Each structure stands twice: as C-alpha cells, then as structure tokens.
Amino acid sequence: MTRTSVIQSGKPLASLSLDLDNEWAYLKTHEDPAWESYPSYLNVVVPRILHALECRSLRITVFVVGQDAALEHNHEALAQLARAGHEIGNHSLRHEPWLHLFSEQDLEQELAEAEQHIQVATGQKPIGFRGPGYSQSVTLLRVLARRGYAYDASSLPSFIGPIARAYYFATGQFSPEQRERLNRLFGSWKDGLRPLKPYRWHFDETSLLEMPVTTFPVFRIPIHLSYVMYLAGFSIALAHIYFNTALWACRLFGVEPSILLHPLDFLGGEDVPRLKFFPSMRMTGEQKIAIVERCLDSMVRLFDVRPVGEHAAVVATRSNLMDVRLND
Ligand SMILES: [Zn+2]
Numbered sequence: 252m253t254r255t256s257v258i259q260s261g262k263p264l265a266s267l268s269l270d271l272d273n274e275w276a277y278l279k280t281h282e283d284p285a286w287e288s289y290p291s292y293l294n295v296v297v298p299r300i301l302h303a304l305e306c307r308s309l310r311i312t313v314f315v316v317g318q319d320a321a322l323e324h325n326h327e328a329l330a331q332l333a334r335a336g337h338e339i340g341n342h343s344l345r346h347e348p349w350l351h352l353f354s355e356q357d358l359e360q361e362l363a364e365a366e367q368h369i370q371v372a373t374g375q376k377p378i379g380f381r382g383p384g385y386s387q388s389v390t391l392l393r394v395l396a397r398r399g400y401a402y403d404a405s406s407l408p409s410f411i412g413p414i415a416r417a418y419y420f421a422t423g424q425f426s427p428e429q430r431e432r433l434n435r436l437f438g439s440w441k442d443g444l445r446p447l448k449p450y451r452w453h454f455d456e457t458s459l460l461e462m463p464v465t466t467f468p469v470f471r472i473p474i475h476l477s478y479v480m481y482l483a484g485f486s487i488a489l490a491h492i493y494f495n496t497a498l499w500a501c502r503l504f505g506v507e508p509s510i511l512l513h514p515l516d517f518l519g520g521e522d523v524p525r526l527k528f529f530p531s532m533r534m535t536g537e538q539k540i541a542i543v544e545r546c547l548d549s550m551v552r553l554f555d556v557r558p559v560g561e562h563a564a565v566v567a568t569r570s571n572l573m574d575v576r577l578n579d
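Residue numbers (the working numbering): 252 to 579.
1) At which residue ranges does the stretch 279-362 contain complete beta strand (DSSP E) runs of 3 or more residues, listed in the order of the chain?
2) Could you tell me which residues DSSP pairs with Leu511 in its beta bridges?
3) Would Val565 and Leu264 be called neighbours here (beta carbons separated by less than 8 Å)?
4) What number of angstroms, rounded off, separates the C-alpha of Pro463 from the C-alpha of Met573?
5) Quick check: the stretch 514-524 against the stretch 468-488, are there 3 or more CB pairs under 8 Å?
6) Pull up the DSSP beta-bridge partners for Met573, would you.
7) With a CB to CB cut of under 6 Å and the five nearest residues on each side skipped, what residues in its chain are close to Lys376?
8) Which one or two residues does DSSP pair with Phe470 in a beta bridge?
9) For Gln318, tell me which candidate among Ala276, Phe470, Tyr450 and Arg545 has the shortest Cα-Cα distance.
10) Ends of the alpha helix (DSSP H) at Val506?
11) Which whole-angstrom value describes the C-beta separation of His368 and Ala320, a residue pair presumed to lie in contact below a C-beta threshold of 8 Å?
12) Report the option in Ser388, Phe485 and Gly399 whose CA atom is closest to the CA atom of Ala363.
13) Using a Cβ distance threshold of 8 Å, determine whether the stretch 380-390 contacts the stretch 342-357, with at least three qualifying pairs required.
14) Where do the ends of the alpha helix (DSSP H) carrying Leu518 lie?
15) So if DSSP puts Phe380 in a beta bridge, which residue, or which two residues, is it bridged to?
16) Based on the DSSP output, what are the partners of Thr457 in its beta bridges?
17) Alpha carbon to alpha carbon, how far is Arg393 from Val469?
18) For Thr568, is the classification buried or exposed, using 16 other Cβ atoms within 10 angstroms of its Cβ as the cut-off for buried?
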C-alpha cells in the first residue's frame with residue numbers, strides 16, 4: 252500500500268459510483284418497444300439513493316444518461332443529486348451499449364450532446380465517463396482525452412460479459428440480426444484480462460486514466476451490488492458473506508475497490524412491474540435497500556469512500572501507476 256492511499260482516516264481509499272440507468276434504458280436493451288416513450292423512475296429512486304448516502308455522509312459519482320437530462324421531468328431529481336454534493340459523470344447520450352462500434356465523429360457528437368444536457372440539468376460538466384454495458388474502444392478513449400476528461404471508468408475486468416449475454420439470449424425473443432448485434436455486447440474475453448487496479452492508457456501523444464470497476468481479486472467475478480442482489484435472491488446471508496469477503500480480499504491484495512451501484516438496487520418488482528424479468532426484482536424495494544445499506548456500512552468500515560473523480564485525482568499523482576499502451 253502506498254502512503255498516498257491512506258488519507259487522514261487511516262483507511263485505504265475506495266470509490267463508489269452509480270450508473271443512473273433508467274427504466275427506458277433497460278426496456279431498450281431488452282428490445283421492448285415501451286422504451287420509446289422514455290418511462291422514468293428517477294423521481295422515485297433518487298430520493299431513496301440520496302437518503303441511503305446521506306445517512307452515511309457519503310458522496311459518490313452518479314453517471315447520468317444525457318437523454319434523461321434532456322427531459323424536463325427528470326430535472327429536479329438530477330439537480331437534487333448535484334446539490335447533495337455528488338459528482339456527476341457522463342453515461343452517454345442514448346445508452347447505446349455498442350459505443351465501441353461508433354465512428355469518431357459519431358462519438359464526438361454523442362459525448363458533446365450528453366455533456367450539454369447534463370450541464371443544463373445539474374450545473375456540472377462531467378470529467379468522468381462510463382460506457383453503457385462497459386463498452387470501450389480506442390476511438391472512444393481518444394475522443395474522451397480530446398474532450399478533456401480526467402478519467403474513463405468503463406472497464407470491467409471480468410469474464411462475466413459472455414455469461415450476461417447468454418442470460419439475455421435466454422430471456423428475450425430475438426431475431427438473427429438482433430442476436431448478431433447482441434453478440435458484441437458486454438465486452439470480450441480479452442477484457443477479463445485487463446488490470447484490476449487503476450492504470451493509464453497511452454495512445455497517440457496523449458493519455459487517459461482508467462478507473463476499472465473492481466471485481467473479486469484473483470477470481471475476477473463481479474462484486475458490484477447488482478451481483479450481490481442476484482446472490483441475495485438465493486440467500487441474503489450468503490450475499491453479505493460474499494461482499495465482505497470480496498472487500499477483505501481487496502484489502503489483502505492492495506486493491507482500492509471502485510464499487511458500482513444501480514437504481515434497481517433500490518427498487519423492487521412492485522416499483523417497476525415492467526422490469527420483473529430481472530431475477531432480483533422478485534425482492535421488494537425495502538428488502539433491497541436493507542441489503543444495499545448493509546453493504547455500504549461494510550465499505551465505510553473498511554475504506555475511505557470517495558467519488559470516483561476524487562479517487563482518480565489521488566491515483567493520478569502516484570509514481571507507480573501502471574501504463575498500458577494502445578496501438579490500434
Ligand atoms: Zn448503464
């Protein structure tokens with residue numbers, strides 16, 4: 252552990268973020284045409300998220316989808332997040348999980364429009380980006396660096412992507428064309444081999460800091476809260492043992508965890524009936540919030556938890572930061 256990783260609290264650093272995926276974004280990925288009217292649960296879920304964080308004096312990074320920021324009925328919920336001191340990141344304009352297939356010009360436009368809407372709704376210009384479905388490409392990293400981003404947080408070093416893809420295939424009705432497109436979702440096996448700790452991408456004459464979503468050290472299984480929720484569907488006790496073991500493994504291997512939340516960690520099947528196809532939606536909102544809160548307590552006990560931007564700012568000053576060169 253480096254000296255800079257231990258701040259005044261005496262605990263190692265960690266970060267927490269939330270991808271503010273809205274109801275329509277899930278329906279869209281699930282090829283349900285109901286997404287087209289942009290149904291939103293932000294007014295329900297944002298107060299629940301804010302309450303859980305405020306009780307623990309936590310400030311986190313919320314990655315906002317530009318399309319949500321573009322709609323007036325979401326403005327108050329988004330402004331509440333910003334007013335509570337949370338960092339606002341960019342989670343793309345239209346939540347397309349195939350950003351890695353976009354041209355440079357299309358990416359420029361996608362990011363610029365998202366930034367503009369997010370800035371109007373929250374008063375913050377994002378310095379961090381997370382691609383929907385952990386989508387990433389050299390072109391995307393280049394565009395992010397050019398637009399002045401301090402970090403990207405789209406890497407999920409895990410082999411779970413192809414497994415998630417199999418789940419979507421099993422639960423939806425897809426045409427051969429849709430299957431072809433879905434085949435490129437959720438990353439490749441190669442992504443599973445990327446570093447677990449933060450590192451710096453180098454390309455052209457520039458570079459960009461990568462803050463990966465932490466997975467279980469060595470085993471590389473996801474440890475973010477939606478995975479914990481999935482386990483809780485079988486056994487709540489087991490889910491907590493799993494999460495706590497993962498946090499201790501991070502301490503043991505000197506990994507400062509960057510943990511990820513989603514709105515569905517705070518919503519039950521009764522809150523969003525159209526999303527009942529997710530296994531964790533068999534639980535009620537109340538049950539899920541209790542699980543999230545216990546996990547947050549575990550994190551706070553072991554780590555000094557910050558927004559990703561603050562975590563990135565400390566990491567960027569370290570002389571032992573790993574470099575990864577991109578050539579294509
Ligand atoms: Zn998302």
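A virtual CB, placed ideally from N, CA and C, is assigned to each residue, including glycine.
Just so it is clear, the structure is predicted and the values come from calculations on it, not from any experiment.
A quick look at the data gives this:
1) Listed in chain order, they are 312-315 and 338-341.
2) Listed as beta-bridge partners of Leu511 by DSSP are Ser268.
3) Closer than 8 Å, so yes.
4) Straight-line Cα distance between these residues: approximately 13 Å.
5) These segments touch.
6) DSSP output for Met573 lists Tyr450 as bridge partner(s).
7) Spatial neighbours of Lys376 in its own chain (CB-CB distance under 6 Å, excluding positions within 5 residues in sequence) are listed in chain order as Gln370.
8) Note: Phe470 sits in no beta bridge, so no partner.
9) The residue with the shortest Cα to Cα distance from Gln318 is Ala276.
10) From DSSP, Val506 is part of no alpha helix (DSSP H); its letter is neither H nor E.
11) Indeed they touch by this definition, with Cβ atoms about 4 Å apart.
12) The shortest Cα separation from Ala363 among Ser388, Phe485 and Gly399 belongs to Gly399.
13) By the Cβ rule, the stretch 380-390 counts as touching the stretch 342-357, because three or more pairs are nearer than 8 Å.
14) Membership of Leu518 in any alpha helix (DSSP H) is not indicated, and neither H nor E is assigned to it by DSSP.
15) Partner(s): Asn341 and Asp403.
16) Partner residues in the beta bridge of Thr457, as assigned by DSSP, are Phe454.
17) So the two alpha carbons sit approximately 30 Å from each other.
18) Looking at its Cβ environment, which holds fewer than 16 other Cβ atoms inside 10 Å, Thr568 is exposed.
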